[in-house]
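Worksheet: the structure to be examined is printed underneath.
There are 2 protein chains.
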Amino acid sequence: MNNFWLTLPTEIFFGKGQISVLGKTLKKEGCTKALLAYGHGSIKRNGVYDDIIKELDGHGIPFVELAGIDPNPRIKTVEAGARLCREEGVDFIIAAGAGSVIDCCKAIAAARYYSGDPWDFFTRKTSVKKVLPVCAVLTLAATGSEMNGGTVITNEATREKLSTGSIRMKPKFSILDPVYTFSVPKDQTAAGIADIMSHVFEQYFSCPDAVLQDLMSEAVLKTVIMSGPVAISEPDNYNARADIMWAGTVALNGLLGLGKDGDWATHLIEHELSAKYDITHGTGLAILTPRWMKKVLDTESAGKFARYGRNVWSIQGDDDMTVALQAIDRTGEFFSSLGIPSKLSELGIDSSRFEEMADSALKYSKIGRFRNLSRSDIIDIYRSSL
Amino acid sequence: MNNFWLTLPTEIFFGKGQISVLGKTLKKEGCTKALLAYGHGSIKRNGVYDDIIKELDGHGIPFVELAGIDPNPRIKTVEAGARLCREEGVDFIIAAGAGSVIDCCKAIAAARYYSGDPWDFFTRKTSVKKVLPVCAVLTLAATGSEMNGGTVITNEATREKLSTGSIRMKPKFSILDPVYTFSVPKDQTAAGIADIMSHVFEQYFSCPDAVLQDLMSEAVLKTVIMSGPVAISEPDNYNARADIMWAGTVALNGLLGLGKDGDWATHLIEHELSAKYDITHGTGLAILTPRWMKKVLDTESAGKFARYGRNVWSIQGDDDMTVALQAIDRTGEFFSSLGIPSKLSELGIDSSRFEEMADSALKYSKIGRFRNLSRSDIIDIYRSSL
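Written out as structure tokens, the structure reads:
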């Protein structure tokens, strides 16, 4: 394996009722005024908002609110949030929601101390140097944002969806209560599972192989394949919700990709879809993934795909290519079994912008480290997903 | 799974040549004078000592040395080290060696700020409140001490070997260069592998089951079962050494036991052996483990042992008890294949002190959370290991 550097500074409080640590932990971290940021109000319906307010009030922590963060969070919201933090003297951000809320809050945390356009972080014009501390109260198993330093933001003006990352943006602590995900609808639960699996694929199908990391990747895949359908059919099943919640965190906290060059092609070409059509990221990933797999499958990569088929799906057979193709089919079938659309056309997307999206995807860098994708490769993948 | 709290503050620098970060990282952490602690000089023969000195001199960091830390480190050495740190104004400890050196340095780090007898930490008379920061330069894949807060120390006067732990004792950072383990002899490499596997067993055979953690435990076991024998037959095989080095860290950095009640019976009854007979910890574990497994195997636990057999050793068969027994045999055979003695009598240990050791093992607490062990159970395990 390649050399690596690992730092996991985010404290995790996992389990039922862990919200009870929020107030005292904020106090310990020196919080004197918080920003409470969330999405479109689901946390007000499922009790999470009330639990947080009780903690803040109970510990005498004043706060301001930023509501209405979108599923594909916008740079305009980042700007508004940073302004609010400056004006109100906020010294700690509470991100209460899914990955979109957490990503937005990380970007706000960095933008707070940056006098320029925060979009500069995403176009690589500047890097993150100073941030407000962030904590996450997670409400959806999906992005892993609760324990990593990444953020993905959409610029509506340019119709771009770009990512950036910094160790400084890793949350100080995150509260992961599986009960908070009981009310997540089936389609969002399914999209979250696809997102988790895609994060694993991006690191598993990469070079060089790393024995423990690849076995751990298979462990995460097997966990969500086993517990994901249970969480969808029994939304209140604590253990199933706990399994996918923790799997989602491990999938993207850095452990699986140690000493490997992650691929990330599927994510980058999906970002174009959700930037242009505002679709759910996990849904886009579920549609693109089997097509990406077929695109990069060749005699050289067949061994790794066959290993995936044998170890994760228990597919029997000696011929790598046959097992690999079956494994790819099983992947798509699994996403379909969760109720995820299997074609872009089901989302009302046609081929009219495929070339524009391919150009946009390639604007800032090459795509794909397991297999480099050309412009025409990307268009092929979009086209085969119709 | 049970609720859990996870914090992994130790930064890991993994790979060939990572010693080059030592000086600048110590400087960044505010080190003005270091204690360089090590064992009986193997680091002087394999170049590790010279590499460290070059880093310290290159960055103008003054240091004092503490040499001669024993494989089962003594409380007397802890006292001497703490005294040295006080007298010399040391503000950072560099633990260069295997788990014994790192454990000793953690205890020194805590004893530095404790005016009483440092053995009090181990008899639970006091807890760790303030420590000197520690970094580890690891030279053996085994204990996982490089990324956890535990320490095990031997008191020669009382012939006790006891452990304690604190998040405060987790190393600030650790340097893991697989090349530094090329010169580890076969018997120590083998004992290290047994130690790693035992750490996994203590967390895997525990309640409640946790889907991802148990799959990750199997991943660690499969890694060392695959790469361990390679490291023994080809001591300079970088990838094999890297695999077991990282597996050793993951085995005991907290991830595998999250939300589970670890068993730790085998470790506790082994500590009596190495306290009384000063044997290598991993060797003792390898001898006791299959006997512990057979002792706690019953109709209720057979399912978990059979799962272990099927998932880790690929044993076929529908009958849990049959597969479980085969899995236990395979475990013992694997240790033997690494050249580890399979009987206590091979180490010159007879039954004369078994009752004394059982009493000593039970002195501070009950033993075994997967299966509680009585005094006679412990004696049975020792006896069956003769």
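First to last, the protein sequences are chains A and B.
Counting in numbering that gives the first Met the number 0, the first sequence runs from 0 upward without gaps.
Counting in numbering that gives the first Met the number 0, the second sequence runs from 0 upward without gaps.
Cβ atoms here follow ideal geometry from the backbone N, Cα and C, with glycine treated the same way.
Burial is judged here by how many other beta carbons sit within 10 angstroms of a residue's own beta carbon; B:E217 has at least 16 and is buried. In the DSSP annotation of this structure, the continuous segment of the alpha helix (DSSP H) that includes A:A264 starts and ends at 264–276.
Closest by C-alpha distance to B:M168, out of B:P207, B:A94, B:K221, is B:A94. For the pair A:I268 and A:I377, the CB atoms are nearer than the 9 Å cut-off.
Looking at the DSSP output, A:C104 sits in no beta bridge, so it has no partner there. Interface residue (Cβ-Cβ distance to chain A less than 9 Å): B:L211 is classified as such. Bridge partners of B:R85 according to DSSP: none are assigned. Looking at the DSSP output, B:G164 shares a beta bridge with B:G149. Around the beta carbon of B:T31, fewer than 16 other beta carbons lie within 10 angstroms, which makes this residue exposed.
If you draw a straight line from the Cα of B:L287 to the Cα of B:S384, it comes to about 6 Å. For A:V229, the enclosing alpha helix (DSSP H) begins and ends at 210–232. In terms of beta-carbon proximity, A:N147 stays away from the interface with chain B, with every pair separated by 9 Å or more. In the same chain as A:I243, and ignoring 5 residues on each side of it, the C-beta atoms closer than 6 Å to its own belong to A140, V223, S226, G227, A230, in chain order. Residues of the region 6–30 of chain A with a C-beta atom less than 9 Å from some C-beta of chain B are T6, L7, P8, T9, E10, I11, F12, F13, G14, K15, G16, Q17, V20, listed in chain order.
Contact with chain B is absent for A:N236, since none of that chain's Cβ atoms lies less than 9 Å from the residue's Cβ. At a cut-off of 9 Å between C-beta atoms, A:G258 counts as an interface residue with respect to chain B.
Secondary structure note for B:W118: it is in no beta strand (DSSP E), with a DSSP letter that is neither H nor E.
For B:V136, there is no enclosing alpha helix (DSSP H); the residue is part of the beta strand (DSSP E) that begins and ends at 133–137. Taken residue by residue, none of the region 303–335 of chain B has a beta-carbon sitting less than 8 Å from a beta-carbon on chain A. In this structure, A:F120 lies away from A:Y112, with their beta-carbon atoms at least 9 Å apart. When beta bridges are read from the DSSP output, B:R73 appears opposite B:T153. At the C-beta level, B:I18 and A:L5 stay beyond 9 Å of one another. The beta carbon of A:A190 is closer than 6 Å to those of T279, G281, T282 in its chain, skipping five residues each way along the sequence.
The DSSP-derived three-state label of A:D349 is coil. Within the region 213–245 of chain B, contact with chain A at the beta-carbon level (separation under 8 Å) is assigned to L214, M215, E217, A218, V219, K221, T222, M225, S226, N238, A241, D242, W245.
Here the region 76–90 of chain B lies against the region 32–48 of chain B, with 3 or more beta-carbon pairs under 8 Å apart.
Here B:L385 carries a coil assignment [DSSP, helix/strand/coil]. Three or more Cβ pairs closer than 8 Å define a contact, and the region 365–373 of chain A falls short of that threshold against the region 269–278 of chain A.
Closer than 9 Å to the CB of B:M196 there is not a single CB belonging to chain A.
Taking 4 residues as the shortest admissible run, the region 281–353 of chain B contains the following complete alpha helix (DSSP H) segments, listed from N- to C-terminal end: 301–312, 319–336.
Sorting B:P170, B:C84, B:R158, B:C206 by C-alpha distance to the C-alpha of B:E299 places B:C206 at the top.
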